[in-house]
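Just so you know, the UniProt record's numbering puts 150 at position 150 of the sequence shown, and the rest follows in order with no gaps.
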Amino acid sequence: MGQHLLFMSTPVPGHLFPNLAVVEELIRRGHRVSLVTGESQAETVRLTGADVITYASSFDDVGKLNLTKDRESANTPLTVLKDGITMLDEVKAQLDEDRPDLILYDMIVFHVGRVLARTWGVPAVQLNPMFASNEHFSLHKAMHEAPPTAGAGQEEQTPDSSRPAWASGSRRSPDCSPRTA
Numbered sequence: 001m002g003q004h005l006l007f008m009s010t011p012v013p014g015h016l017f018p019n020l021a022v023v024e025e026l027i028r029r030g031h032r033v034s035l036v037t038g039e040s041q042a043e044t045v046r047l048t049g050a051d052v053i054t055y056a057s058s059f060d061d062v063g064k065l066n067l068t069k070d071r072e073s074a075n076t077p078l079t080v081l082k083d084g085i086t087m088l089d090e091v092k093a094q095l096d097e098d099r100p101d102l103i104l105y106d107m108i109v110f111h112v113g114r115v116l117a118r119t120w121g122v123p124a125v126q127l128n129p130m131f132a133s134n135e136h137f138s139l140h141k142a143m144h145e146a147p148p149t150a151g152a153g154q155e156e157q158t159p160d161s162s163r164p165a166w167a168s169g170s171r172r173s174p175d176c177s178p179r180t181a
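The following block contains the structure:
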């Protein structure tokens with residue numbers, strides 16, 4: 001039997017979704033994965049096969065937050081801290097008697113990840129899943145090179161039918177098979 005791993009993320013898609021393929025792969029390799037996130041993403045996370053721990057997150061309805069308003073934008077750090085307290089309470093209630101072997105936490109909930117790691121005496125890893133580059137996208141090129149002239153060198157994009165269930169919105173079982181070029 002593998003290790004018990006705890007992933008922690010807000011329900012904001014840009015923080016949560018990049019980790020879901022990693023979660024699937026770790027489960028495929030025999031690890032038990034618990035993932036804590038807001039209630040709004042529970043079904044999406046379940047499609048990975050992870051044990052889901054939810055909490056009432058301030059970011060569950062992130063589409064309604066208007067961070068362009070000066071007051072709301074200024075309060076974002078406070079909102080993140082308050083959200084973390086709610087997350088911390090729920091995780092402790094669920095896992096104090098079933099502690100993970102490793103905590104992997106998104107950078108936005110660093111305070112929760114570090115508190116739990118010290119409290120439980122387990123190692124922790126901070127994740128920064130945003131701004132990923134791969135064979136299809138280079139952050140360096142996007143930031144430092146001029147955009148191509150309209151139509152020049154642009155390939156037609158086709159939908160990726162090999163995407164896992166959590167990425168496509170489908171309710172089928174996730175596909176954990178490795179992708180080939």
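C-beta atoms are modelled at their ideal positions from N, C-alpha and C, and glycine is treated no differently.
It should be emphasised that the depicted structure is a prediction, and the values quoted were computed from it without experimental measurement.
query                                                                                                                                                            : result
Tell me whether R28 sits in a helix, a strand or coil according to DSSP, three-state version.                                                                    : helix
Would you kindly work out how many angstroms separate the C-alpha atoms of R99 and D83, rounded to a whole number?                                               : 21 Å
From this set, V122, R29, A50 and R118, which residue's C-alpha is nearest T37's C-alpha?                                                                        : A50
Compute the Euclidean distance between the alpha carbons of V33 and A124, then round it to the nearest angstrom.                                                 : 14 Å
Could you check the C-alpha separation between I103 and L16 for me, to the nearest Å?                                                                            : 15 Å
Output needed for H111: all residues of its chain with C-beta closer than 6 Å, excluding positions within five of it in sequence on either side, in chain order. : G84
Determine whether the Cβ of K92 lies closer than 7 Å to any Cβ atom of chain B.                                                                                  : In the structure shown, chain B cannot be found, because there is only a single protein chain.
Could you tell me which of I53, V80 and V52 sits nearest to F59, measuring between CA atoms?                                                                     : V80
Grouping DSSP H, G and I as helix and E and B as strand, with all else coil, what is H4?                                                                         : strand
Kindly identify the DSSP beta-bridge partner or partners of S34.                                                                                                 : L6 and D51
Look at the alpha carbon of L5 and the alpha carbon of N75, and state the distance between them as a whole number of angstroms.                                  : 32 Å
Can you tell me which of the three DSSP states V125 falls into?                                                                                                  : strand
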